[in-house]
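Trainee:
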Amino acid sequence: MLDIKFLRDNLELAQQQLATRGSAINLADFQQLDQRRRELLGKADTLKAEKNRVSALIGKTKDKSLVKDEIGRMKEVSTQIKDLDEQLRTTNEKLQNILLTIPNLPHENCPVGLSEDDNVKVRTWGSIREYSYTPRAHWDIGEELDILDFERGGKLTGARFTLYKGAGARLERALINFMLDLHTEQHKYVEMLPPFMVNRDSMTGTGQLPKFEDDLFHVEGPDYFLIPTAEVPVTNIHRDEILAAEQLPLCYTAYTPCFRKEAGSHGRDTRGLIRQHQFNKVELVKFVVPEESDHELDNLLANAEHVLQLLELPYQVVDLCTADIGFSATRTFDIEVWLPGQNVYREISSCSNFRDFQARRAAIRYRPEEGAKTEYVHTINGSGLAVGRTLLAILENYQQEDGSVVVPKVLQPYMGGLERITGK
RNA sequence: GGAGAGGUGACCGAGCGGUUGAAGGUGCUCGCCUGGAAAGCGUGUGUAGUGCAAGCUACCGAGGGUUCGAAUCCCUCCCUCUCCGCCA
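Under the numbering used here, the residues of the first sequence are numbered 1 to 424, in order.
1) Please work out which residues of its chain come closer than 7 Å, Cβ to Cβ, to S220, disregarding the five sequence neighbours upstream and downstream, and give them in chain order.
2) Does the beta-carbon of L209, which I'm using as the reference point, lie nearer than 7 Å to any heavy atom of the ligand ADP?
3) Note down, in chain order, each residue of its chain lying with its Cβ closer than 6 Å to the Cβ of L66, except the 5 sequence neighbours on either side.
4) From which residue to which residue does the alpha helix (DSSP H) around T322 run?
5) Just list the beta strand (DSSP E) runs in the segment 249–287, keeping only unbroken ones of 3 residues or longer that don't cross its boundaries, in chain order.
6) For my contact list, Q358 and G207 are in at a C-beta cut-off of 8 Å; report their separation, rounded to the angstrom.
7) Which runs of the alpha helix (DSSP H) spanning at least 4 residues fall entirely within the segment 322–398, listed in chain order?
8) Which of the three DSSP states, helix, strand or coil, is assigned to I421?
9) Considering A49, what are the terminal residues of the alpha helix (DSSP H) in which it resides?
10) Output the distance between the C-alpha atoms of L216 and H295, rounded to the nearest integer angstrom.
11) Taking the CB atoms as reference points, tell me whether L175 and V377 lie closer together than 8 Å.
12) Quick one: using the 10 Å Cβ neighbour count with 16 as the cut-off for buried, is R129 buried or exposed?
13) Tell me which residue opens and which closes the beta strand (DSSP E) that K121 is part of.
14) Beta strand (DSSP E) containing A244: first to last residue?
15) Can you tell me whether F150 is helix, strand or coil according to DSSP?
16) Which residue comes first and which comes last in the alpha helix (DSSP H) that contains M203?
17) Using CA coordinates, which residue listed in E70, G22, T162, T229 is at the minimum distance from P195?
18) Do I394 and I147 come within 8 Å of each other at the CB atom, strictly closer than that value?
19) Candidates A244, D214, M203: which alpha carbon is nearest Y224's?
20) Put E143 into one of helix, strand or coil per three-state DSSP.
21) Does the Cβ of P106 have 16 or more other Cβ atoms within 10 Å, making it buried, or fewer, making it exposed?
22) Quick check: the Cα distance between V120 and R89, rounded to an integer number of angstroms?
23) Is the CB-CB distance between S349 and A304 below 8 Å?
24) Note down, one range per segment and in chain order, each alpha helix (DSSP H) of at least 4 residues found wholly within the segment 84–114.
25) Does the separation of the CB atoms of Y414 and N177 fall below 8 Å?
26) Looking at I4: is its Cβ nearer than 8 Å to the Cβ of L99?
27) Apply the 10 Å Cβ neighbour rule to L114 and answer buried if 16 or more other Cβ atoms are within range, or exposed otherwise.
28) Are the segment 373–390 and the segment 231–245 in contact at 8 Å, needing three or more beta carbon pairs?
29) Out of L392, T157, E312, G42, point me to the one whose CA is closest to I274's CA.
30) Mind checking who H218 pairs with in its DSSP beta bridge?
31) Would you give the residue range spanned by the alpha helix (DSSP H) that M179 belongs to?
32) For Q400, does the three-state DSSP call read helix, strand or coil?
33) Helix, strand or coil, according to DSSP, for E185 in the structure here?
34) Report all residues from its chain with a CB closer than 8 Å to the CB of I58; omit the five preceding and five following residues, and keep chain order.
35) Which class does V232 belong to by DSSP, given the choice of helix, strand or coil?
36) In its own chain, which residues sit with a C-beta less than 7 Å from the C-beta of G205, not counting the 5 before and 5 after it?
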């Protein structure tokens with residue numbers, strides 16, 4: 001959420017900046033509702049002050065017959081207040097609705113662009129292997145080795161669900177443990193294991209609601225949603241809290257499954273593990289002071305890249321342009337891993353600085369110093385990494401001509417010493 | 001699922017329907033004391049909205065209601081804890 005005062009005073013500027021994302025804000029409605037809200041608030045507050053003053057007077061008067069008129073008048077005033085409060089409530093609701101659907105302003109260093117074609121490649125890492133044959137796609141490798149079963153995943157649930165088997169299941173688990181160990185032991189993140197369902201307030205706090213409800217799985221019964229990323233529960237850990245400056249930065253990592261409807265991507269990436277309704281992810285989340293957020297995003301990005309470096313998977317880093325960053329983000333770097341089976345780089349991590357956008361929605365504040373006013377923290381997060389995509393990248397990059405897959409060195413201890421997956 | 005208890009400020013914990021934004025304590029701030037510290041003494045210490053400002057308003061789990069006036073009374077919901085049952 002943007003600062004309402006900033007918006008009030010800088011509507012033109014905000015509009016220009018939002019335009020670079022390709023989204024417009026409703027200037028007229030916002031201004032009108034904002035003004036109406038303040039008018040109503042002024043009236044209501046004046047009446048409430050009057051009511052409080054006279055009521056105190058009535059309280060002090062022993063002989064109530066002396067204040068009969070006042071009591072009658074206050075009855076009247078109370079009714080007016082109730083009416084104003086009701087108008088205020090609906091006005092506020094409308095205003096909030098507008099505010100909650102305006103995306104974040106892009107970071108001043110975020111490259112301006114019209115589409116994903118304008119994203120800027122920042123660097124590449126690792127060297128791409130040469131193959132003496134045409135590299136196979138992971139779905140073929142997985143099925144041949146009998147470690148991925150797409151057919152039965154579909155039978156059990158439906159499209160975009162996969163059954164992992166034997167060394168495949170173990171590899172997924174090994175990756176989760178490897179990533180968590182790396183981030184906790186070397187990068188000093190604190191591990192969290194949050195609920196996989198959250199309520200509406202949490203989804204609103206990080207920006208999924210109210211705008212993107214169609215992308216979420218909602219459970220029957222209580223008003224809960226399956227999380228689309230650990231970002232949601234982990235960021236909301238500190239919702240409605242005031243943190244001490246000394247606590248910051250807070251760095252958390254969490255493994256969770258993620259559930260996404262993938263509405264609007266019918267027919268895309270229908271084969272394999274790329275786009276699933278349920279996938280595993282290890283997430284990195286930071287709460288930092290505003291001055292540090294740019295720098296901390298770089299660190300978080302480096303932490304995510306470190307995973308790929310240790311796994312020796314080639315990748316590139318891309319600076320997303322204004323048209324391609326997400327609703328809540330000011331700046332986003334994607335890490336794209338090389339997939340020889342498809343001859344492309346594919347996103348495996350997305351690292352973003354949200355500045356105070358989520359913090360304002362979720363009321364996550366801190367006190368810069370003793371006695372100072374509270375300020376919103378900046379939140380940062382990124383995948384470290386998407387586990388399913390990491391697994392498929394390993395299958396494709398470590399495939400051998402005989403159909404087997406070599407297990408990356410760093411994962412072998414997590415695989416009971418297994419050096420190569422050879423199938424049956 | 002059944003029975004009971006409770007949700008108040010950073011924390012603990014009072015609170016008769018009216019001068020309670022909220023006693024008291026802990027913690028923390030600053031000052032005194034001290035060679036220095038501890039102890040002790042004094043002082044200050046909520047969040048947010050709105051207004052040029054003085055100020056005003058709101059908030060004692062959430063939402064309704066009664067009343068001139070509600071942290072205090074009534075209703076609904078949520079959450080926590082204890083016991084019983086069931087269960088991974």
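Cβ atoms here follow ideal geometry from the backbone N, Cα and C, with glycine treated the same way. It should be emphasised that the depicted structure is a prediction, and the values quoted were computed from it without experimental measurement.
Mentor: In short, the structure shows the following:
1) In the first sequence, counting from the first residue as 1, residue 220 sits at position 220. With the sequence shown as reference, residue 220 is identified as Glu, and Ser is not the correct amino acid for it. Scanning its chain for C-beta atoms nearer than 7 Å, with the 5 sequence neighbours on each side dropped, one finds no residue around E220.
2) Looking for the ligand ADP in the displayed structure turns up nothing, as the structure carries no ligands at all.
3) Sequence index remark: in the first sequence, residue 66 carries index 66 (1-based). Within the same chain, L66 has no close Cβ partners at all.
4) Counted from its first residue, the first sequence places residue 322 at position 322. No alpha helix (DSSP H) contains T322, which DSSP labels as neither H nor E.
5) 250–259
6) Mapped onto the first sequence, residue 358 falls at position 358. Mapped onto the first sequence, residue 207 falls at position 207. The Cβ separation is near 6 Å, so the contact holds.
7) 357–362, 387–397
8) Working through the first sequence from its first residue, we reach residue 421 at position 421. The answer is strand: DSSP assigns I421 an E or B state.
9) Here residue 49 is taken as the residue at index 49 of the first sequence, counted from 1. Run containing A49: 27–60, per the alpha helix (DSSP H) assignment.
10) Taking the first sequence and counting its residues from 1, one reaches residue 216 at position 216. Taking the first sequence and counting its residues from 1, one reaches residue 295 at position 295. Whole-angstrom Cα-Cα distance: 32 Å.
11) Here residue 175 corresponds to residue number 175 of the first sequence, with the count starting at 1. Here residue 377 corresponds to residue number 377 of the first sequence, with the count starting at 1. No, Cβ-Cβ distance for L175 and V377 is not below 8 Å.
12) Within the first sequence, residue 129 is the residue found at index 129, counting from 1. R129 comes out exposed.
13) Here residue 121 corresponds to residue number 121 of the first sequence, with the count starting at 1. Note, K121: beta strand (DSSP E), 120–125.
14) Numbered from its first residue, the first sequence carries residue 244 at position 244. From DSSP, the beta strand (DSSP E) with A244 extends over 241–244.
15) Stepping through the first sequence from its first residue, residue 150 is reached at position 150. Looking at F150 - three-state DSSP - the assignment turns out to be helix.
16) The sequence position of residue 203 within the first sequence is 203, counting from 1. Going by DSSP, M203 is part of the alpha helix (DSSP H) stretching over 200–206.
17) Here residue 195 refers to the residue found at position 195 of the first sequence. Nearest option by C-alpha distance: T229.
18) As a first step, residue 147 is located in the first sequence; it is residue number 147 there, counting from the start. As a first step, residue 394 is located in the first sequence; it is residue number 394 there, counting from the start. It is not a contact, given that the beta carbons lie outside the stated cut-off.
19) Mapped onto the first sequence, residue 224 falls at position 224. For Y224, the nearest C-alpha among the options comes from M203.
20) To locate residue 143, count along the first sequence from 1; it is residue 143. Of the three classes helix, strand and coil, the one that applies to E143 here is helix, per DSSP.
21) Position 106 of the first sequence, counted from the first residue, corresponds to residue 106. Buried.
22) Numbered from its first residue, the first sequence carries residue 120 at position 120. Numbered from its first residue, the first sequence carries residue 89 at position 89. Pairing V120 with R89, the inter-Cα distance amounts to about 45 Å.
23) Looking up residue 349 in the first sequence gives position 349. Looking up residue 304 in the first sequence gives position 304. Yes. Within cutoff.
24) Complete alpha helix (DSSP H) runs here, min 4: none at all.
25) Stepping through the first sequence from its first residue, residue 414 is reached at position 414. Stepping through the first sequence from its first residue, residue 177 is reached at position 177. It is a contact, given that the beta carbons lie within the stated cut-off.
26) Taking the first residue of the first sequence as 1, we reach residue 4 at position 4. Taking the first residue of the first sequence as 1, we reach residue 99 at position 99. Cβ distance < 8 Å, so I4 and L99 count as in contact.
27) Walking along the first sequence from the start, residue 114 turns up at place 114. Exposure of L114 is indicated by the presence of fewer than 16 other C-beta atoms within 10 angstroms of its C-beta.
28) yes
29) As a first step, residue 274 is located in the first sequence; it is residue number 274 there, counting from the start. Of L392, T157, E312, G42, the residue nearest in Cα terms is L392.
30) In the first sequence, the residue the question calls residue 218 occupies position 218. F225.
31) Numbered from its first residue, the first sequence carries residue 179 at position 179. 167–181 is the extent of the alpha helix (DSSP H) around M179.
32) Reading the first sequence from its first residue, position 400 is the one you call residue 400. Q400: coil per DSSP, three-state reduction.
33) Residue mapping note: residue 185 aligns to position 185 of the first sequence, counting from 1. Reduced to three states, the DSSP call for E185 is helix.
34) Start at 1 with the first residue of the first sequence, and residue 58 comes out as number 58. K64, V67, E70, I71, M74, listed in sequence order.
35) Counted from its first residue, the first sequence places residue 232 at position 232. In this structure, V232 counts as helix in the three-state DSSP scheme.
36) As a working note, residue 205 is residue 205 in the first sequence. A distance below 7 Å between beta-carbons, with the five flanking residues on each side excluded, links G205 to the following residues of its chain, in chain order: T235, N236, R239, Q358, R361, A362.
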